[in-house]
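There are 2 protein chains.
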Amino acid sequence: MKLSYELLKEEKHTKARLGQITIRNKTFSTPMFMPVGTQATIKTLSPEEVKEAHAGIILANTYHLWLRPGEDIIQKAGGLHKFMNYDGPILTDSGGFQVFSLANSKDISEEGVRFKNHLNGDNLFLTPEKSIAIQNKLDSDIAMSFDECPPASASYEYLHNSIERTLRWAKRGKEVHNNPNQALFGIVQGGPIEELRKYSAIETVKLDFDGYSIGGVANDGEDKDAMYKAIEYSIPYLPKDKIRYLMGVGEPIDIIEGVIRGVDIFDCVLPTRLARHGNALTKYGKINLKNSQYKEDFTPISPECDCYACQNYTKSYIKHLINCNETFGARLLSIHNIRFLIRLTEELREAIQNDNILEYKDNFIKNYYGGNDE
Amino acid sequence: MKLSYELLKEEKHTKARLGQITIRNKTFSTPMFMPVGTQATIKTLSPEEVKEAHAGIILANTYHLWLRPGEDIIQKAGGLHKFMNYDGPILTDSGGFQVFSLANSKDISEEGVRFKNHLNGDNLFLTPEKSIAIQNKLDSDIAMSFDECPPASASYEYLHNSIERTLRWAKRGKEVHNNPNQALFGIVQGGPIEELRKYSAIETVKLDFDGYSIGGVANDGEDKDAMYKAIEYSIPYLPKDKIRYLMGVGEPIDIIEGVIRGVDIFDCVLPTRLARHGNALTKYGKINLKNSQYKEDFTPISPECDCYACQNYTKSYIKHLINCNETFGARLLSIHNIRFLIRLTEELREAIQNDNILEYKDNFIKNYYGGNDE
Numbered sequence: 005m006k007l008s009y010e011l012l013k014e015e016k017h018t019k020a021r022l023g024q025i026t027i028r029n030k031t032f033s034t035p036m037f038m039p040v041g042t043q044a045t046i047k048t049l050s051p052e053e054v055k056e057a058h059a060g061i062i063l064a065n066t067y068h069l070w071l072r073p074g075e076d077i078i079q080k081a082g083g084l085h086k087f088m089n090y091d092g093p094i095l096t097d098s099g100g101f102q103v104f105s106l107a108n109s110k111d112i113s114e115e116g117v118r119f120k121n122h123l124n125g126d127n128l129f130l131t132p133e134k135s136i137a138i139q140n141k142l143d144s145d146i147a148m149s150f151d152e153c154p155p156a157s158a159s160y161e162y163l164h165n166s167i168e169r170t171l172r173w174a175k176r177g178k179e180v181h182n183n184p185n186q187a188l189f190g191i192v193q194g195g196p197i198e199e200l201r202k203y204s205a206i207e208t209v210k211l212d213f214d215g216y217s218i219g220g221v222a223n224d225g226e227d228k229d230a231m232y233k234a235i236e237y238s239i240p241y242l243p244k245d246k247i248r249y250l251m252g253v254g255e256p257i258d259i260i261e262g263v264i265r266g267v268d269i270f271d272c273v274l275p276t277r278l279a280r281h282g283n284a285l286t287k288y289g290k291i292n293l294k295n296s297q298y299k300e301d302f303t304p305i306s307p308e309c310d311c312y313a314c315q316n317y318t319k320s321y322i323k324h325l326i327n328c329n330e331t332f333g334a335r336l337l338s339i340h341n342i343r344f345l346i347r348l349t350e351e352l353r354e355a356i357q358n359d360n361i362l363e364y365k366d367n368f369i370k371n372y373y374g375g376n377d378e
Numbered sequence: 005m006k007l008s009y010e011l012l013k014e015e016k017h018t019k020a021r022l023g024q025i026t027i028r029n030k031t032f033s034t035p036m037f038m039p040v041g042t043q044a045t046i047k048t049l050s051p052e053e054v055k056e057a058h059a060g061i062i063l064a065n066t067y068h069l070w071l072r073p074g075e076d077i078i079q080k081a082g083g084l085h086k087f088m089n090y091d092g093p094i095l096t097d098s099g100g101f102q103v104f105s106l107a108n109s110k111d112i113s114e115e116g117v118r119f120k121n122h123l124n125g126d127n128l129f130l131t132p133e134k135s136i137a138i139q140n141k142l143d144s145d146i147a148m149s150f151d152e153c154p155p156a157s158a159s160y161e162y163l164h165n166s167i168e169r170t171l172r173w174a175k176r177g178k179e180v181h182n183n184p185n186q187a188l189f190g191i192v193q194g195g196p197i198e199e200l201r202k203y204s205a206i207e208t209v210k211l212d213f214d215g216y217s218i219g220g221v222a223n224d225g226e227d228k229d230a231m232y233k234a235i236e237y238s239i240p241y242l243p244k245d246k247i248r249y250l251m252g253v254g255e256p257i258d259i260i261e262g263v264i265r266g267v268d269i270f271d272c273v274l275p276t277r278l279a280r281h282g283n284a285l286t287k288y289g290k291i292n293l294k295n296s297q298y299k300e301d302f303t304p305i306s307p308e309c310d311c312y313a314c315q316n317y318t319k320s321y322i323k324h325l326i327n328c329n330e331t332f333g334a335r336l337l338s339i340h341n342i343r344f345l346i347r348l349t350e351e352l353r354e355a356i357q358n359d360n361i362l363e364y365k366d367n368f369i370k371n372y373y374g375g376n377d378e
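In the order they appear, the protein sequences are chains C and S.
If you use the working numbering, the first sequence corresponds to residues 5 to 378, in order.
If you use the working numbering, the second sequence corresponds to residues 5 to 378, in order.
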């Protein structure tokens with residue numbers, strides 16, 4: 005069976021849920037955070053290090069792999085798993101989000117999106133059929149439908165038309181999807197508007213996908229209320245026996261709020277991006293190791309953390325590596341930050357088990373925002 | 005005992021020798037290649053990966069660690085081993101070579117060298133006493149005497165005066181050396197001139213160090229004959245029961261020629277530097293993975309290589325990583341290149357054991373220079 009989701013338990017006071025996903029004989033628990041391996045590598049890490057972080061599933065970007073090295077080379081290599089030497093579950097996005105956020109001179113039509121790629125400006129054309137064909141060749145475990153990601157500020161009329169087109173695109177993609185080992189997810193859009201989220205969710209579910217994503221929320225950036233509302237507007241119309249994936253979200257508090265609203269999986273470049281800038285996530289907030297206070301701090305980033313970085317290195321040493329632009333510094337921080345977010349989802353699972361996720365959240369907030377250096 | 009060298013066997017037809025070094029209870033065989041961890045990290049690698057490459061000893065740079073993070077911080081951390089989480093043997097250089105090659109506005113006097121550092125132009129003053137004091141605090145296993153590294157093109161008179169001063173510097177350094185767990189090596193200079201190399205070697209040995217280096221040969225760059233001659237002029241005057249270390253040399257052929265002339269250990273940034281530029285060392289020569297011929301090459305860099313990169317990844321994947329500037333690419337190539345040079349020294353040890361090192365060299369040259377893409 006290519007994918008199964010088993011709902012194990014619902015938390016007593018919220019919509020949070022404990023689940024188990026099995027993909028091609030690999031099983032992992034949800035809620036789960038997915039590290040992002042944009043270019044078929046989780047930046048600075050080996051596949052073994054990703055597994056040591058207890059990652060259940062990772063994400064790779066269809067847009068980037070389409071441009072380099074190209075889906076045909078990855079297919080010839082035996083698929084993405086073999087190409088990058090990672091035998092755990094891999095989800096690929098549709099490329100849509102990158103086309104809308106990275107590419108230039110976009111021209112959206114019923115057929116698809118014409119654009120100039122961000123590497124060399126070459127004209128390219130991405131359609132629902134093309135996105136699925138690429139993902140079929142990549143042979144990821146989960147493929148995403150090709151959708152439009154309109155800005156949250158778009159008009160009601162624009163958002164409505166966009167949803168209708170995204171539904172037609174989802175249908176076209178599903179029709180050409182022909183990798184029997186690969187699951188295919190639909191995506192709920194609708195911006196910040198309740199009626200549109202509801203409509204998008206109901207109509208997408210009618211198309212009967214293997215799982216459902218909530219898209220277009222990472223666009224809202226700092227408007228966290230709008231993000232949480234968009235989740236609340238979408239979730240009630242998604243089937244309980246299917247996975248719910250909140251795309252592009254990875255701030256610790258947003259993961260917690262997402263889980264409380266019924267989300268199962270999350271992805272974000274946050275942990276590796278923070279790492280490259282010298283930042284570490286801790287239960288007492290984000291710290292920047294460039295700060296001079298860590299110069300002679302011979303303690304680990306987080307004494308309670310079980311990651312390789314915290315078990316073996318001091319803040320003083322990691323600060324030195326970051327100061328000297330040594331990539332081992334970004335690697336140690338990436339290991340720590342990814343493990344931090346996955347450990348967060350582990351703790352959320354425990355809180356669901358104990359029916360105390362709201363207390364967990366209050367306590368997390370008190371620690372995380374209670375007077376750190378950010 | 006802080007350091008012992010045991011001469012196990014001399015090759016029948018050359019001066020090549022098999023030995024065993026024990027440093028603070030860690031033992032390794034020679035000839036041996038030392039990876040360079042300039043800033044207390046072998047670029048892109050973890051200490052575990054360095055050990056997996058079968059490195060017997062690594063080198064760290066006193067000049068860089070003096071500037072960042074400073075020897076006092078490393079001392080407070082418990083010494084370099086603890087600071088960088090590496091419990092194998094570590095050799096530190098004297099800082100002299102970096103002052104002469106990296107720093108600006110050098111002013112050499114009997115007392116030491118005044119210069120502006122390469123990071124922020126601050127005025128600094130490095131003396132034999134200061135170099136040894138820094139190394140004592142770093143608590144490396146082997147410290148090097150502070151020497152002048154004059155250009156190979158310097159006049160006879162300059163070289164002669166420089167040797168005399170380097171001898172006085174070596175004596176001053178030895179007098180203040182006060183780390184009982186740390187060995188101290190002397191350095192033979194003398195440029196390309198037989199008489200000066202002989203004089204420098206004899207006089208340095210009179211000062212009675214724990215081991216001896218041959219310095220000033222990496223300066224010669226492409227003049228390999230001059231390099232090999234400088235080794236030949238120095239070795240006969242070095243005691244057989246002490247380690248001989250050729251500084252800054254790491255081209256495969258130079259390691260072979262050095263071993264044949266009686267050298268035990270080598271260091272060079274070559275393997276990690278080549279890696280960052282997409283180059284891999286193979287028995288059939290250096291290859292550059294940026295070349296389009298590797299786009300669909302789904303074989304490892306070297307099928308016979310036992311390193312993590314060759315056991316798990318294809319040229320096609322590593323090429324993709326290098327093309328995308330993903331640091332995991334440089335990491336895989338660094339792992340491979342370091343293992344390549346250490347494996348070269350393993351094969352040289354076997355050739356010494358079998359008394360066929362000249363055949364080994366001929367065969368190596370035939371393969372390495374026999375029509376690769378360089």
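Beta carbons: idealized from backbone N, C-alpha and C, even for Gly.
Kindly list the residues whose CB is nearer than 6 Å to the CB of residue 36 of chain C, restricted to its own chain and excluding five residues on each side of it in sequence; keep chain order. For residue 36 of chain C, same chain residues with a beta-carbon under 6 Å away, outside a window of 5 residues either side, are 60, 269, 349 in chain order.
Tell me the rounded alpha-carbon separation between residue 186 of chain S and residue 144 of chain S. The straight-line gap from Cα to Cα measures roughly 7 Å.
Keeping to the same chain, check which residues put their C-beta closer than 7 Å to that of residue 164 of chain C; ignore five residues upstream and five downstream. The residues are 200.
To the nearest angstrom, how far is it from the Cα of residue 308 of chain S to the Cα of residue 255 of chain S? Roughly 20 Å separates the two Cα atoms.
Cβ neighbours of residue 274 of chain S in the same chain (closer than 6 Å, five flanking residues each side left out): Only 254 meet the Cβ criterion.
Go through its chain and collect everything with a Cβ distance to residue 378 of chain C's Cβ below 7 Å, but skip five positions before and after it. In this prediction, residue 378 of chain C has a pLDDT of 44, which is less than 50 and means its spatial position is unreliable; what the coordinates show is noted afterwards. Cβ-Cβ distances below 7 Å link residue 378 of chain C to 289, 290 in the same chain, with the five nearest sequence neighbours on each side left out; the list follows chain order.
Let me know the secondary structure DSSP gives residue 91 of chain S once reduced to three states. The answer is coil: DSSP assigns residue 91 of chain S none of H, G, I, E or B.
Note down, in chain order, each residue of its chain lying with its Cβ closer than 6 Å to the Cβ of residue 334 of chain S, except the 5 sequence neighbours on either side. The beta carbon of residue 334 of chain S sits closer than 6 Å to those of 48, 279, 280, all from its chain and outside the five residues before and after it, given in chain order.
Contact the segment 74–81 of chain S vs the segment 358–373 of chain S: 3+ CB pairs below 8 Å: Because the criterion of three Cβ pairs below 8 Å is not met, the segment 74–81 of chain S and the segment 358–373 of chain S do not touch.
According to the neighbour-count rule (16 or more other Cβ atoms, all chains shown, within 10 Å of its Cβ), is residue 172 of chain S buried or exposed? Classification for residue 172 of chain S: exposed.
By Cβ distance, which residues of its chain are closer than 7 Å to residue 207 of chain C, with the 5 residues on each side in sequence left out? In its chain, beyond the 5 residues on either side, 171 have a beta carbon closer than 7 Å to the beta carbon of residue 207 of chain C.
Check this for me: beta carbons of residue 181 of chain S and residue 147 of chain S, under 8 Å apart or not? At the C-beta level, residue 181 of chain S and residue 147 of chain S come within 8 Å of one another.
Terminal residues of the beta strand (DSSP E) in which residue 148 of chain C lies: Per DSSP, the unbroken beta strand (DSSP E) holding residue 148 of chain C starts and ends at 146–148.
Under a three-way DSSP split, which group does residue 352 of chain S fall into? Of the three classes helix, strand and coil, the one that applies to residue 352 of chain S here is helix, per DSSP.
Below 8 Å between beta carbons: does that hold for residue 240 of chain S and residue 177 of chain S? No. Outside cutoff.
Closest Cβ-Cβ distance between residue 222 of chain S and chain C: below 8 Å? Closer than 8 Å to the CB of residue 222 of chain S there is not a single CB belonging to chain C.
Compute the Euclidean distance between the alpha carbons of residue 54 of chain S and residue 96 of chain S, then round it to the nearest angstrom. Straight-line Cα distance between these residues: approximately 17 Å.
Does the beta-carbon of residue 266 of chain S have 16 or more other beta-carbons within 10 angstroms, so that it is buried, or is it exposed? Classification for residue 266 of chain S: buried.
Indicate whether the contact test is met: 3 or more Cβ pairs, each with one atom in the segment 346–362 of chain S and one in the segment 13–20 of chain S, closer than 8 Å. Yes, the segment 346–362 of chain S is in contact with the segment 13–20 of chain S.
Simplified DSSP state of residue 187 of chain C, which is helix, strand or coil: If DSSP states are grouped into helix, strand and coil, residue 187 of chain C belongs with the strands.
Selection of the segment 72–90 of chain C by Cβ proximity to chain S, strictly under 7 Å: Those would be 72, 73, 77, 80, 81, 87, 88, 89, in chain order.
Under 8 Å between C-beta atoms, does residue 49 of chain S make it to chain C? Cβ-Cβ to chain C under 8 Å: yes for residue 49 of chain S.
Using the rule of at least 16 other Cβ atoms within 10 Å of the residue's Cβ for burial, across every protein chain shown, is residue 111 of chain C buried or exposed? By the neighbour-count rule (16 or more Cβ atoms within 10 Å), residue 111 of chain C is not buried but exposed.
Is there a Cβ of chain C sitting closer than 8 Å to that of residue 325 of chain S, yes or no? Among the CB atoms of chain C, one or more fall inside 8 Å of the CB of residue 325 of chain S.
Coarse secondary structure for residue 222 of chain C, derived from DSSP in three states: Helix, per DSSP.
Roughly how many angstroms separate the alpha carbons of residue 263 of chain C and residue 226 of chain C, rounded to a whole number? Between residue 263 of chain C and residue 226 of chain C, the C-alpha separation is close to 19 Å.
What is the DSSP secondary structure of residue 378 of chain S, counted as helix, strand or coil? Low confidence applies here, because residue 378 of chain S scores a pLDDT of 44, under 50, leaving its location unreliable and the question unanswered by this model.
Under the three-state reduction of DSSP, which class applies to residue 165 of chain C: helix, strand or coil? Under the three-state reduction of DSSP, residue 165 of chain C is assigned to helix.
Residue 125 of chain C, buried or exposed, once every other Cβ within 10 Å from all chains shown has been counted against 16: Residue 125 of chain C is exposed by the Cβ-count criterion.
Could you check what DSSP says for residue 298 of chain C in three-state terms: helix, strand or coil? Secondary structure of residue 298 of chain C (DSSP, three-state): helix.
Straight-line CA distance for residue 4 of chain C to residue 193 of chain C? It is not possible to answer for residue 4 of chain C, since the shown part of chain C is limited to 5 through 378.
Secondary structure at residue 56 of chain S, three-state DSSP: helix, strand or coil? Correct three-state label for residue 56 of chain S: helix.
Chain C beta carbons: is any one of them nearer than 8 Å to that of residue 298 of chain S? For residue 298 of chain S, no Cβ of chain C is located within less than 8 Å of the residue's own Cβ.
Could you tell me which residues DSSP pairs with residue 253 of chain C in its beta bridges? Paired residue(s): none; residue 253 of chain C is not in a bridge.
Selection of the segment 301–328 of chain C by Cβ proximity to chain S, strictly under 9 Å: Along the segment 301–328 of chain C, the positions whose C-beta sits under 9 Å from a C-beta of chain S are 302, 312, 316, 317, 318, 320, 321, 323, 324, 325, 327, 328, read in chain order.
At a CB-CB cut-off below 7 Å, which residues of chain S make contact with residue 45 of chain C? Going along chain S in sequence order, the residues near residue 45 of chain C (Cβ under 7 Å) are 325, 330, 332.
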